[in-house]
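Undergrad: Residue numbers (the numbering used here): 126 to 358.
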């Protein structure tokens, strides 16, 4: 099996980090996990260090401050590329991205360059989301697809598997978005380079433990940054 790394940004996920890593190990025991912790005040980073000390499949990257989801992922991607992994997967720590989908995502990378866990293809969906959140998420995706002209149903999806060669080729160091627009820009860069993207259906439940990182500022960022992505050279 190709060497595979899951990049998992964390901020105040002390209640989730042990169970999510244990759940991943049950489903894909050969996969490694990199916890990218933004100096969580609840001790998430310390727990991750403890797990890493006991298991060579677990790694930890400590950042000094909370600098945004996109920057955390870029740091994780660069770490994984330097370490020579073949596949790199983005995944949340709060069980919104369910480990049971990992085997199919990894298997599909044999035929595709990017595999997206999608809420908006047939068979996908969300659980326990309010009406406002559904409208913002779905409407934002349609808005971005219209501006960018890209046929990906779930552009803001954050459960994404990449071939390492794609990440090397799409100039990830030039990705500027720090919030969820990061996900849009990454997929758009791969699409523009001609890479093959596949969406597989996932069900995305709301987190049951901890506090959501979504904010009005992050949502507002998407409205104007999409235009910057469209016209960036």
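In this text, a Cβ means the ideal position worked out from N, Cα and C, and glycines have one as well.
Note that the structure is a prediction, hence the values are computed from the model and not measured.
Which partner residues of residue 212 appear in the DSSP bridge assignment?
TA: As a working note, residue 212 is residue 87 in the chain shown. According to DSSP, residue 212 bridges with 129 and 288.
Undergrad: Just how far apart, CA to CA, sit residue 139 and residue 172?
TA: Taking the chain shown and counting its residues from 1, the one referred to as residue 139 is at position 14. Taking the chain shown and counting its residues from 1, the one referred to as residue 172 is at position 47. Their Cα atoms are separated by approximately 7 Å.
Undergrad: For residue 162, report the span of its beta strand (DSSP E) as first-last.
TA: Along the chain shown, read from residue 1 onward, the residue named residue 162 stands at position 37. Note, residue 162: beta strand (DSSP E), 157 to 162.
Undergrad: Which residue comes first and which comes last in the alpha helix (DSSP H) that contains residue 152?
TA: The residue labelled residue 152 in the question sits at position 27 within the chain shown. Counting along the chain, the alpha helix (DSSP H) containing residue 152 begins and ends at 142 to 152.
Undergrad: Around the Cβ of residue 311, are there at least 16 other Cβ atoms within 10 angstroms (buried) or fewer (exposed)?
TA: Taking the first residue of the chain shown as 1, we reach residue 311 at position 186. Classification for residue 311: buried.
Undergrad: Give me the residue from 141, 247 and 185 with the minimum Cα distance to residue 219.
TA: Numbered from its first residue, the chain shown carries residue 219 at position 94. Considering only alpha carbons, the answer is 141.
Undergrad: When DSSP labels each residue in this structure, what does residue 134 get in the three-state scheme?
TA: Taking the chain shown and counting its residues from 1, the one referred to as residue 134 is at position 9. Correct three-state label for residue 134: strand.
Undergrad: Quick check on residue 243: does DSSP put it in helix, strand or coil?
TA: Numbered from 1 along the chain shown, position 118 holds the residue referred to as residue 243. Residue 243: strand per DSSP, three-state reduction.
Undergrad: Measure the C-alpha to C-alpha separation of residue 170 and residue 201 and round it to an integer number of angstroms.
TA: Working through the chain shown from its first residue, we reach residue 170 at position 45. Working through the chain shown from its first residue, we reach residue 201 at position 76. Answer to the nearest angstrom: the Cα atoms are 15 Å apart.
Undergrad: Please classify residue 350 as buried or exposed, where buried requires at least 16 other C-beta atoms within 10 Å of its C-beta.
TA: Position 225 of the chain shown, counting from 1, holds the residue named residue 350. It counts as buried.
Undergrad: Hey, residue 288 and residue 234 are a contact pair by Cβ (cut 8 Å); roughly how many whole angstroms apart?
TA: Position 163 of the chain shown, counted from the start, is the residue given in the question as residue 288. Position 109 of the chain shown, counted from the start, is the residue given in the question as residue 234. Indeed, because the Cβ distance is near 6 Å, the residues count as touching under 8 Å.
Undergrad: Does DSSP classify residue 283 as helix, strand or coil?
TA: Start at 1 with the first residue of the chain shown, and residue 283 comes out as number 158. Reduced to three states, the DSSP call for residue 283 is coil.
Undergrad: Roughly how many whole angstroms lie between the Cα atoms of residue 304 and residue 144?
TA: Position 179 of the chain shown, counting from 1, holds the residue named residue 304. Position 19 of the chain shown, counting from 1, holds the residue named residue 144. Using only the alpha carbons, I get a separation of about 25 Å.
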